[in-house]
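*Asks:* Quick one: the structure is below, and I'll ask about it shortly.
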Amino acid sequence: MQLARHIEPDSDTVTLATISWHSSRGLPPPALIASLSPSRITAPEALRNSSLCFLDCADKVAIAQVVRLREICGNGIYLVAVTGAVTAEFQAELFDVGVDDLLMDEGSAQLLRCLLRAKRHLTLLQTHQKTLDALQDKLDAWQDGLDHLPTPIYLKDVGGRYLGCNTAFSHFVGTERDRVIGQTLADFLPLDVAEAHRESDLEVMRRGGVIRVETDVCVPDTGVRHVMLHKACVASPEGGLRGIAGVLIDITERKELEARLTAAAERDPLTNAYNRRKFFQVAGSAIETANEGEQSFAVAVIDIDHFKSINDELGHGEGDLTLCSIVDTLRAHEAEGVLVARAGGEEFFAFFTGDNTAQAEDILERMRTDIARYCAVATGMGTAGTISIGLADFDPLQETIDHALRRADLALYRAKRDGRNRLCRAD
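When we follow my numbering, the leftmost residue of the sequence shown carries the number 785, and every step to the right adds one.
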């Protein structure tokens, strides 16, 4: 952030020693001005080193000359138009384009007053400049400190335009700081995303205080990042609202760790199927939220046939591959509304709700057929890697899911006893 500098850096002591005379017509200075020994400047660019310049402004051509000099020298030079007798209209026009003072006759009293006004003006400018420099030094120190922080930080006005930011923020949005300032989020992000962020800006301005917002942001070079936005209102000295200060904390790694911990807590590490704990959590939640008399359920217990013979004869590595292959086949049917979980060892649970309950037997038969086709292996015990299934419908108002699973387990034993690779319904 830069404060406007109105004069060029000069010595600490205001002096009128650098007095100059400039005439686009090439005329010499009047005698009284010549007594000040001014430097005669012909090239406007050379006037930058002058503190006071007397200008030959006898006609309208001088208007463009003054405009040009102001463009070159800025406000750091005191311009005195030497005009002679001119109309009030022409005087006003000279002041409008940037002249600081007029000298209309060669009287020493008028020249002295002009010099005193110039010195007072330049002293005031220098005082202001020192104040600006001190403020700029403070701003530079703050900016330098912010730029050394790894966390993106920004400041917006009430209209959503950026007033400032640190290096981390400019890197985050993939745009140089000078191009960030004065822009809005709509200049960097898709309109719908920018509007969503604008809504949270308006919310914090309405409520005051600080708000926190979690969101995904597409970052150049690194892709989508999950961030926590902290936004706070910034007040003006008068107590009004100046804008919003914000901090972006990248929590992508934390969210990924949370996801891994959640997966570890609810999924079987070998097959990636839900574990027993997650099964009862999801099923219990579905039962609790079901409307009385409007929801029916079914559970199934599934067991891999002759799984021990696969481990014993083909090795545990082959057994693990068979387990994973069977789980992949079971989970391929989850789109049909069935929840599958590994209960332990080679045993699995399946849970059906609502309309899927009526289709439970058909879905399970498709699972059994697919597994027999793609996962079965030959062992000394016969065909292994097929599944046997016990299925039980239940009404949660009449029995618990644990009791229904015990009935399904008894049906599973019947399926095993009757030859395996089949489904039996519970009584």
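Just so it is clear, CB atoms sit at the ideal spot from N, CA and C, and this is done for glycine as well.
No experiment lies behind these values; they were computed from the predicted model shown.
In the DSSP assignment, find the unbroken beta strand (DSSP E) run with H806 in it and report its ends.
*Replies:* For H806, the enclosing beta strand (DSSP E) covers residues 803 to 806.
*Asks:* What is the DSSP secondary structure of I1110, counted as helix, strand or coil?
*Replies:* helix
*Asks:* Which residues in the same chain have their Cβ closer than 7 Å to the Cβ of A970, if we skip the five residues on either side of it in sequence?
*Replies:* A978
*Asks:* Please name the residue in G1129, A1195, R1204, A1168 whose C-alpha comes closest to that of V1085.
*Replies:* With distances taken between Cα atoms, V1085 lies closest to A1195.
*Asks:* Comparing C-alpha positions only, which one of R1152, T1163, A1156 sits nearest to C1208?
*Replies:* If we check each option's Cα against that of C1208, R1152 comes out closest.
*Asks:* Just tell me which of F1136, A1016, C1002 has its CA closest to the CA of A1067.
*Replies:* F1136
*Asks:* Rounded to whole angstroms, what's the CA-CA distance from L1025 to D941? Just pull it up for me.
*Replies:* Annotation: L1025 to D941 spans about 9 Å, alpha carbon to alpha carbon.
*Asks:* Please classify T871: does DSSP put it in a helix, a strand, or coil?
*Replies:* coil
*Asks:* Quick check: P828 and I856, are their CB atoms within less than 9 Å of each other?
*Replies:* yes
*Asks:* Answer with yes or no whether the minimum CB distance from V864 to chain C is below 9 Å.
*Replies:* The chain inventory of the structure shown lacks chain C, comprising one protein chain alone.
*Asks:* What does a CB cutoff of less than 6 Å around S1093 pick up in its chain, not counting 5 residues either side in sequence?
*Replies:* T1163, M1165, A1168
*Asks:* Taking buried to mean at least 16 other C-beta atoms within 10 Å of its own C-beta, is F879 buried or exposed?
*Replies:* exposed
*Asks:* State the DSSP-derived secondary structure class of A1195, mapped to helix, strand or coil.
*Replies:* helix
*Asks:* Would you kindly work out how many angstroms separate the C-alpha atoms of T915 and N859, rounded to a whole number?
*Replies:* 16 Å
*Asks:* In angstroms with no decimal places, state the Cα-to-Cα distance between P936 and M1012.
*Replies:* Using only the alpha carbons, I get a separation of about 11 Å.
*Asks:* Using the Cα positions of E1102 and S1109, report the straight-line distance between them to the nearest angstrom.
*Replies:* 10 Å
*Asks:* For N1059, is the classification buried or exposed, using 16 other Cβ atoms within 10 angstroms of its Cβ as the cut-off for buried?
*Replies:* buried
*Asks:* Is it true that the CB of A830 sits closer than 9 Å to the CB of R809?
*Replies:* no
*Asks:* Could you check the C-alpha separation between G1174 and T1046 for me, to the nearest Å?
*Replies:* 30 Å
*Asks:* Inspect the beta-carbon positions of L836 and G882 and report whether they are closer than 9 Å.
*Replies:* no
*Asks:* Can you tell me which of A1176, E1022, A872, T1141 puts its alpha carbon nearest to the alpha carbon of P1198?
*Replies:* The identity of residue 1198 in the sequence shown is Arg, whereas the question assumes Pro. Ranking A1176, E1022, A872, T1141 by CA distance to the CA of R1198 puts A1176 first.
*Asks:* Determine, using beta carbons only, whether L1107 and E1130 come nearer to each other than 9 Å.
*Replies:* yes
*Asks:* Sorted by chain position, which residues of the same chain lie with C-beta nearer than 8 Å to L1217's C-beta, five sequence neighbours on each side aside?
*Replies:* No answer is possible for residue 1217: it lies beyond the span of the chain, which begins at 785 and ends at 1211.
*Asks:* Check for me: the alpha helix (DSSP H) holding M1062 runs from which residue to which?
*Replies:* Reading off the sequence shown, one finds Lys at residue 1062, where the question assumed Met. From DSSP, the alpha helix (DSSP H) with K1062 extends over 1060 to 1073.
*Asks:* Would the C-beta of A869 count as close to the ligand ZN, meaning under 8 Å from any of its heavy atoms?
*Replies:* As for the ligand ZN, it is missing from this structure, which has no ligand bound.
*Asks:* Express the C-alpha separation of A1049 and E1149 in angstroms, rounding to a whole number.
*Replies:* 30 Å
*Asks:* Quick one, which of N1205, E1118, T1184 has its alpha-carbon nearest A1160's?
*Replies:* N1205
*Asks:* On the three-state DSSP scale, how would you describe V1011?
*Replies:* strand
*Asks:* What does a CB cutoff of less than 8 Å around D1216 pick up in its chain, not counting 5 residues either side in sequence?
*Replies:* Only positions 785 to 1211 of the chain appear in this structure, which leaves residue 1216 out of reach.
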